[in-house]
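Presented below is the structure to which this report refers.
There are 2 protein chains.
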Amino acid sequence: MKEHKPIIAKDPSVPAHERIYRQLRNDVMYGDIKPDENLTLRGVAAKFGASMTPAREALRKLSAEGALRSTYSGRYVANSLTPERVEELATLRSLLEPELASRALPRVHNALIERLTAINTNIEQRVSRGETHFYIRGNLEFHRALYLRAQSPAMLALVETIWLQLGPTLRKLYETQNRAPNIDMHRRIIGALKAGDEPGLRLSIRSDVTGALRMILS
Amino acid sequence: MKEHKPIIAKDPSVPAHERIYRQLRNDVMYGDIKPDENLTLRGVAAKFGASMTPAREALRKLSAEGALRSTYSGRYVANSLTPERVEELATLRSLLEPELASRALPRVHNALIERLTAINTNIEQRVSRGETHFYIRGNLEFHRALYLRAQSPAMLALVETIWLQLGPTLRKLYETQNRAPNIDMHRRIIGALKAGDEPGLRLSIRSDVTGALRMILS
DNA sequence: TAGCCTTATTTGTGATCACATTTGAGCAAA
DNA sequence: TTTGCTCAAATGTGATCACAAATAAGGCTA
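Chains as they are written, first to last, in my numbering: chain A, 13 to 230; chain B, 13 to 230.
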């Protein structure tokens, strides 16, 4: 596993199992953990300076969300997806994310559009600098910023679950193929938001989602 | 003569935390736990003849799936849903379940249709006998039997997550209002399956799902 | 009766340990 | 090189405990 600086400082008001959970969740979602990499209780516990108990709870929670798979003997492994599974998750994203975007649309305001534009230019700069792996994090940041406006926590939670499952596989993709994904669709999404164009928004979201995942299947 | 332990006794090949998890999951999904009922680690552990450790893992996993809510102080409570949340979950069901049914359609065979019919008549009999609470379990059994044919585990997992969240609230509904839900839509689902009518199947699934949840909101 | 303070009980958290199983390295034989 | 075997190391599981925080209970005042 990649060494990480603790983004979340040690704060006694945040329980250890929660701290471990959040950090590992980010590592998985943003592709900092490779497929088939396995995580041991004692290893995770040591890395976070805690005992096995909170490490176990964090791993259990992550495997419940599909971020990790647990083998028959109880070991925890990062997911490695078959093409059929990727196709299934792509379908789920194209079902749920347009709905989230549509729900966010009436609540969109200028500050959000500026924020999305800023995220977008940040992605472009860093990807053109060769940091292709940053695309995963930036892209999810872009989508989440929009979907948060939908005020639909259960729906967003499901979508994040799907992102979690895709994380390690996406990372492997951007490592092998070194093509930068197209940022173009993000511009069309922002355009539809400005115009209040709901069908156009659904369509561009759908294209963005399926476009990224078609790369894996090819 | 040598002492024999009963065959139904604890099976060491299934870990205690898994056993506790499965049982509690059923209790929540089928509405055997009331909204706002809270579960304590020591209470659950004692009920299953285990220590706090496996009980904690089971509860953590359930709260990760949305079956339970955990308060800021770490206590576990069965979900009690607001109308907006119910509406959101209803939308999710009507997005995902028609897709699952559609994927199952080409794989449907006679044995499955017979099974669905049997489940259906069982529901009718027990509900007409006054066991309205059985409708929850029977209805989910019906839907799951169909969706299993879709061979889409990630999608089915998401749908079950939604069922989990609705469980306790549905129970409260069927306790207060004593109207029996209509079983009619199930017949139309079976009809569409026999005819291979994909649009009709999607429509009847959607009606069945939204119909049941409209009762709550009224 | 209602509201508030104090105290006793309950509860989640995290650490440590023993135990059985699994895993993997090393080596031998084909 | 490959396959199979042995054994030491690594690993998950579940139990127990101390501790601090939260909750409930009891009693007092107004």
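Glycine included, every Cβ here is placed at the ideal spot set by N, Cα and C. Predicted, not measured: the structure shown is a model, and the values here were computed from it.
Cβ distance (whole Å) where residue i is taken to contact residue j below 8 Å
{"i": "B/Leu117", "j": "B/Tyr159", "result": "Not confirmed; about 11 Å, so no contact."}
{"i": "A/Phe60", "j": "A/Arg97", "result": "With 8 Å as the limit, A/Phe60 and A/Arg97 do not qualify as a contact, their Cβ atoms being about 30 Å apart."}
{"i": "A/Ala76", "j": "B/Glu77", "result": "6 Å"}
{"i": "A/Asp48", "j": "A/Ala90", "result": "6 Å"}
{"i": "A/Leu108", "j": "A/Leu170", "result": "6 Å"}
{"i": "B/Leu231", "j": "B/Leu71", "result": "Here chain B has residues from 13 to 230 only, and residue 231 of chain B is not among them."}
{"i": "A/Arg183", "j": "A/Gly43", "result": "3 Å"}
Which of helix, strand or coil DSSP assigns to residue i
{"i": "A/Ser85", "result": "coil"}
{"i": "A/Ala28", "result": "helix"}
{"i": "A/Asn194", "result": "coil"}
{"i": "A/Ala79", "result": "coil"}
{"i": "B/Leu185", "result": "helix"}
{"i": "B/Ala62", "result": "coil"}
{"i": "B/Ser230", "result": "coil"}
{"i": "B/Leu93", "result": "coil"}
{"i": "A/Asp220", "result": "helix"}
{"i": "A/Ala98", "result": "Before going on, a small fix: residue 98 of chain A reads as Val here, not Ala. Three-state result, A/Val98: helix."}
{"i": "A/Gly212", "result": "helix"}
{"i": "B/Leu225", "result": "helix"}
Spatial distance of residue i from residue j (CA atoms)
{"i": "A/Phe146", "j": "A/Arg37", "result": "16 Å"}
{"i": "A/Glu172", "j": "B/Ile148", "result": "28 Å"}
{"i": "A/Ser114", "j": "A/Arg214", "result": "7 Å"}
{"i": "A/Ile174", "j": "B/Leu128", "result": "30 Å"}
{"i": "A/Arg156", "j": "B/Asn132", "result": "41 Å"}
{"i": "A/Arg218", "j": "B/Thr103", "result": "18 Å"}
{"i": "B/Arg34", "j": "B/Asp209", "result": "36 Å"}
{"i": "A/Ser25", "j": "A/Ser63", "result": "17 Å"}
{"i": "B/Thr94", "j": "B/Glu100", "result": "10 Å"}
{"i": "A/Met41", "j": "A/Tyr84", "result": "24 Å"}
{"i": "A/Asn50", "j": "A/His121", "result": "43 Å"}
{"i": "A/Leu152", "j": "B/Arg87", "result": "31 Å"}
{"i": "A/Gly150", "j": "A/Leu168", "result": "17 Å"}
{"i": "A/Asp39", "j": "A/Met227", "result": "22 Å"}
{"i": "A/His29", "j": "B/Gly203", "result": "50 Å"}
{"i": "B/Ser106", "j": "A/Pro66", "result": "37 Å"}
{"i": "A/Arg138", "j": "A/Ile195", "result": "12 Å"}
{"i": "A/Gly223", "j": "A/His198", "result": "12 Å"}
{"i": "B/Glu136", "j": "B/Ala207", "result": "23 Å"}
{"i": "B/Glu187", "j": "A/Ala130", "result": "52 Å"}
{"i": "B/Leu185", "j": "B/Ile45", "result": "13 Å"}
{"i": "A/Thr144", "j": "A/Ser92", "result": "20 Å"}
{"i": "B/Ala58", "j": "B/Pro27", "result": "16 Å"}
{"i": "A/Ser164", "j": "A/Pro193", "result": "28 Å"}
{"i": "B/Leu205", "j": "B/Asn134", "result": "19 Å"}
{"i": "B/Phe154", "j": "A/Glu126", "result": "48 Å"}
{"i": "A/Asp220", "j": "B/Ser82", "result": "35 Å"}
{"i": "B/Gly179", "j": "A/Leu225", "result": "34 Å"}
{"i": "B/Pro110", "j": "A/Pro110", "result": "17 Å"}
Local Cβ density within 10 Å of residue i, reported as buried at 16 or more and exposed below that
{"i": "A/Val56", "result": "buried"}
{"i": "B/Arg141", "result": "exposed"}
{"i": "A/Leu229", "result": "exposed"}
{"i": "A/Ser216", "result": "buried"}
{"i": "A/Pro211", "result": "exposed"}
{"i": "B/Glu69", "result": "buried"}
{"i": "A/Gln177", "result": "buried"}
{"i": "A/Thr181", "result": "buried"}
{"i": "B/Ala162", "result": "buried"}
{"i": "A/Ile19", "result": "No answer about A/Ile19 holds up, because its pLDDT of 37 lies below 50 and its placement is not dependable."}
{"i": "B/Arg119", "result": "exposed"}
Minimum length 4: unbroken alpha helix (DSSP H) runs contained in the stretch 134-178 of chain B:
List check, alpha helix (DSSP H) in window: 146-159.
Pick out the complete alpha helix (DSSP H) segments inside the stretch 34-61 of chain A, 4 residues or longer, and give them in chain order.
53-59
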